[in-house]
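Colleague: One structure, pasted below without further comment.
There are 2 protein chains.
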Amino acid sequence: MINTKLSVAIHILTLIATNPHDRITSDFIAKSVNTNPVVIRRISGQLKQAGLISSQAGKPGFTLLKAPSQITILTVYQALQTNEDLFLIHQDPNPNCWIGKNIQSVLDTTYKQAQSALEKELAQQTLANIIEQLATH
Amino acid sequence: MINTKLSVAIHILTLIATNPHDRITSDFIAKSVNTNPVVIRRISGQLKQAGLISSQAGKPGFTLLKAPSQITILTVYQALQTNEDLFLIHQDPNPNCWIGKNIQSVLDTTYKQAQSALEKELAQQTLANIIEQLATH
DNA sequence: TCAAGATGTAACTAAAATAGTTACATATAA
DNA sequence: TTATATGTAACTATTTTAGTTACATCTTGA
Chain F
137 MINTKLSVAI
147 HILTLIATNP
157 HDRITSDFIA
167 KSVNTNPVVI
177 RRISGQLKQA
187 GLISSQAGKP
197 GFTLLKAPSQ
207 ITILTVYQAL
217 QTNEDLFLIH
227 QDPNPNCWIG
237 KNIQSVLDTT
247 YKQAQSALEK
257 ELAQQTLANI
267 IEQLATH
Chain B
137 MINTKLSVAI
147 HILTLIATNP
157 HDRITSDFIA
167 KSVNTNPVVI
177 RRISGQLKQA
187 GLISSQAGKP
197 GFTLLKAPSQ
207 ITILTVYQAL
217 QTNEDLFLIH
227 QDPNPNCWIG
237 KNIQSVLDTT
247 YKQAQSALEK
257 ELAQQTLANI
267 IEQLATH
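Chain order of the listed sequences is F and B. Quick note on the numbering used here: the first sequence kicks off at 137 and runs consecutively. Quick note on the numbering used here: the second sequence kicks off at 137 and runs consecutively.
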């Protein structure tokens, strides 16, 4: 399963995008997400590294560096991943067994296709879509 | 991320499918997978519950109940899931914040679409495909 | 200039998920 | 009736996930 970091990251970006003139601090975001400000700063650090937002130590708030319509959920997802593989494969199957020897590479191929289908869909969704849907609530 | 149970389950089914006349025991499977036999029996229990294989206490071996071409990876995947949600959403966002109040249901919709795309792809792949690819190795 | 308040980050803790192991009940069949 | 298999509960170890504490550093207004 995919952890809550992606959800929190989208929450962060949504708050920044919908309040472009206010100073949305990590403390403020933390209260909306309902977590510790350090959790927010950790994720915002990754979003910063990915070039999605900017910030400066000492200066309150974050700035969105791209239009919400230009930020796909795939981009956010990938900004947070350290391991790019969605599916885990069991390690060290028996190389003396015909199947054990080859199962990993076959699974790898299968999983790559599935992950690709997921990512294609995540690339269709943008931060603008999320904000739009929030607005209709 | 999706844990190794799916990979092990496919490994199990492949061994059973390609050795229909031999008695493939959980001990034998465990040696090919390189894990403990109890891990195999735990997963085979879930495959049994899903109607994919049959077995009997005391009687060695497992029987495939469907043709490999009729067993999709999605079916195997769903046989193992206790929680059907692929993406986790952070709990208890602030209901006093406009975004915190609505983010969960919006994310839920977005994630459902992504998961659906993944599952559609997993439904295309069958155990027969896996065996075929193993054969070309 | 300096104090208040912000970001950045390392180090630690707690809880949950994951994988593996031990032990044993129960069924089968030679 | 004994050897061998599946089924399963209970326990342990490891890793991942999330949250917390502590503090260095930067910015800015008084």
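For every residue, glycine included, the Cβ atom is placed at its ideal position computed from N, Cα and C.
#1: Once you ignore the five residues that flank residue 225(F) on each side, which residues in its own chain have a CB closer than 6 Å to its CB?
#2: Just confirm the distance between the C-beta atoms of residue 165(F) and residue 142(F), as a whole number of angstroms; I'd bet it's less than 8 Å.
#3: According to the neighbour-count rule (16 or more other Cβ atoms, all chains shown, within 10 Å of its Cβ), is residue 193(B) buried or exposed?
#4: How would you call residue 89(B), buried or exposed, if buried means at least 16 neighbouring beta carbons within 10 angstroms?
#5: In terms of alpha-carbon separation, which member of 260(F), 139(F), 268(F), 273(F) lies closest to residue 179(F)?
#6: Would you say residue 196(F) reaches chain B, if we count a Cβ-Cβ gap shorter than 9 Å as a contact?
#7: Pick helix, strand or coil for residue 176(B), following the three-state DSSP scheme.
#8: In its own chain, which residues sit with a C-beta less than 7 Å from the C-beta of residue 255(B), not counting the 5 before and 5 after it?
#9: Here's the rule: buried if 16 or more other CB atoms are within 10 angstroms of the residue's CB, otherwise exposed. What is residue 257(F)?
#10: Is it buried or exposed for residue 157(B), if we count other Cβ within 10 angstroms and need 16 for buried?
#11: Alpha carbons only, please: which of 185(F), 271(F), 167(F) is nearest the one belonging to residue 231(B)?
#12: Below 8 Å on the Cβ atoms is my guess for residue 203(F) versus residue 183(F); work out the distance and round it to an integer in Å.
#13: Output needed in chain order: residues of the region 194-223 of chain F with a Cβ under 8 Å from some Cβ in chain B.
#14: Taking only runs of the alpha helix (DSSP H) that begin and end inside the region 190-260 of chain F, which ones reach a length of at least 4 residues, in chain order?
#15: Throw me the rounded Cβ distance for the residue 201(B) and residue 187(B) pair, which I believe falls under 8 Å.
Modeller: Per the coordinate set shown:
#1: The residue given as residue 225(F) occupies position 89 in the first sequence. Once the five neighbours on either side are set aside, the close Cβ partners of residue 225(F) are 240, 243.
#2: To locate residue 165(F), count along the first sequence from 1; it is residue 29. To locate residue 142(F), count along the first sequence from 1; it is residue 6. About 15 Å separates the two Cβ atoms, so there is no contact after all.
#3: If you number the second sequence from 1, residue 193(B) lands on position 57. That one is exposed.
#4: As shown, chain B starts at 137 and ends at 273. That puts residue 89(B) outside it, with no answer to give.
#5: Walking along the first sequence from the start, residue 179(F) turns up at place 43. Per the Cα distances, 139(F).
#6: As a working mapping, residue 196(F) is identified with position 60 in the first sequence. By this cut-off, residue 196(F) is not an interface position.
#7: Position 40 of the second sequence, counted from the first residue, corresponds to residue 176(B). Residue 176(B) falls in the helix class under three-state DSSP.
#8: What you label residue 255(B) is simply residue 119 of the second sequence in a count that begins at 1. Taken in chain order, the residues that qualify are 210.
#9: The sequence position of residue 257(F) within the first sequence is 121, counting from 1. Buried: at least 16 other Cβ atoms inside 10 Å.
#10: Counting from 1 along the second sequence, the entry for residue 157(B) is found at position 21. It is exposed - the Cβ of residue 157(B) has fewer than 16 other Cβ atoms within 10 Å.
#11: For the purposes of this step, residue 231(B) is identified with residue 95 of the second sequence, where counting begins at 1. Nearest of 185(F), 271(F), 167(F) to residue 231(B), Cα basis: 167(F).
#12: For the purposes of this step, residue 203(F) is taken as the residue at position 67 of the first sequence. For the purposes of this step, residue 183(F) is taken as the residue at position 47 of the first sequence. Not confirmed; about 15 Å, so no contact.
#13: 209, 219, 221, 222, 223
#14: For the region 190-260 of chain F, whole alpha helix (DSSP H) runs of length 4 or above, ordered along the chain, are 209-216, 234-260.
#15: Here residue 201(B) is taken as the residue at index 65 of the second sequence, counted from 1. Here residue 187(B) is taken as the residue at index 51 of the second sequence, counted from 1. At roughly 6 Å, the Cβ-Cβ gap stays under 8 Å, so residue 201(B) and residue 187(B) are in contact.
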